[in-house]
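One structure is given below, encoded as structure tokens.
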Amino acid sequence: MIRTLSFAAFAAALVGAVVALPLAAAAQTPATTEIKAGALKIEMPWTRATPGGAKVAGGYMTITNTGTAPDRLVGGSLPQAGRFEVHEMKTENGIMTMRPITGGLEIKPGETVKLMPGGYHVMFMELKEPLKEGETLPGELRFEKAGTVAVTYKVQAIGATTPGGMAPAGGSAGGGHQHGH
């Protein structure tokens, strides 16, 4: 059965759809990628998608301390992970090492610390399920002074190296790092 609509009915339906789409998208997208907790500003929390069977993933973000006293990122949680640790990856004498940071990661007054692949990051360990590209995952960060802060991680592609999911220009981002315990 073919149904015809008057131009006015068609226009009203079209306007309704155009208005509804952005509203539906806004309801699914976090309102902001910046979270404030006391003197701390946390920007762009993100992680990478994981292949099936992976037991670890890294979490990344930028933390700025706008206050006059230092604070420390001492832990956190992600429902999909059994454990959460704060790690440092660095190269010494040509050897790359990764280790948990004992006592937490200090964020000095007036400083910005970038948690990113190849440097400081958080580890989601004992993953209970794969992290899928496009998901948003609620989690928490625990700071010595600012306390527990709710964050939402945006899951980027497996090889992403930036919060926007981009690999470096001219090459692939690689497959992430391996981590065993």
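Numbering of the sequence shown is given in the working numbering, commencing with residue 175 and proceeding in unit increments.
Even for Gly, the Cβ is constructed at its ideal location relative to N, Cα and C.
Values in this document were obtained by computation on a predicted structure and should not be read as measured data.
query: At which residues does the beta strand (DSSP E) containing Asn-267 begin and terminate?; result: Asn-267 -> no beta strand (DSSP E), and no H or E assigned at all.
query: For Val-329, I'd like the list of residues in its chain whose CB is within less than 8 Å of its CB, leaving aside the five on either flank, ordered along the chain.; result: Trp-220, Thr-221, Arg-222, Ala-223, Leu-305, Lys-306, Glu-307, Gly-308, Glu-309, Thr-310, Leu-311
query: Answer yes or no: do Glu-255 and Leu-301 have a C-beta to C-beta separation smaller than 8 Å?; result: The sequence as given places Ala at residue 255; Glu does not occur at that position. Yes; because the gap between Cβ atoms is below 8 Å, this pair is in contact.
query: Give me, in chain order, the residues of the same chain whose beta-carbon lies closer than 6 Å to that of Gly-241; leave out the 5 immediate sequence neighbours on both sides.; result: Ala-213, Pro-283
query: Can you check whether the CB of Ile-275 is closer than 8 Å to the CB of His-295?; result: no
query: Could you tell me the distance, in whole angstroms, from the CA atom of Met-272 to the CA atom of Ala-231?; result: 13 Å
query: Please report the distance separating the alpha-carbon of Ala-334 from that of Met-340.; result: 5 Å
query: Residues in the same chain with beta-carbon distance under 7 Å from Gly-313, minus the five sequence neighbours each way, listed in chain order, please.; result: Gly-250, Ser-251, Leu-252, Val-325, Tyr-327
query: Decide if Gly-233 is buried, meaning its Cβ has at least 16 other Cβ atoms within 10 Å, or exposed.; result: buried
query: Hey, how far is the Cα of Thr-236 from the Cα of Glu-217?; result: 5 Å
query: Is it right to say Ala-138 is buried, meaning 16 or more other beta carbons lie within 10 angstroms of its own, or is it exposed?; result: The displayed coordinates of the chain run from 175 to 355. Any statement about residue 138 would go beyond what the structure contains.
query: Exposed or buried, Met-270, counting other C-beta atoms within 10 Å across all chains shown (16 or more means buried)?; result: exposed
query: Excluding the five sequence neighbours on either side, which residues of its own chain have a C-beta within less than 6 Å of the C-beta of Pro-291, listed in chain order?; result: Thr-335
query: Can you find the residues in the same chain that come closer than 7 Å, C-beta to C-beta, to Arg-257, ignoring five residues on each side of it along the sequence?; result: Met-299, Glu-300
query: With a CB to CB cut of under 6 Å and the five nearest residues on each side skipped, what residues in its chain are close to Val-248?; result: Gly-278, Arg-316, Glu-318
query: Quick check: is any heavy atom of the ligand PLP less than 7 Å from the C-beta of Gly-233?; result: As far as ligands go, the structure on display features none, and thus does not contain the ligand PLP.
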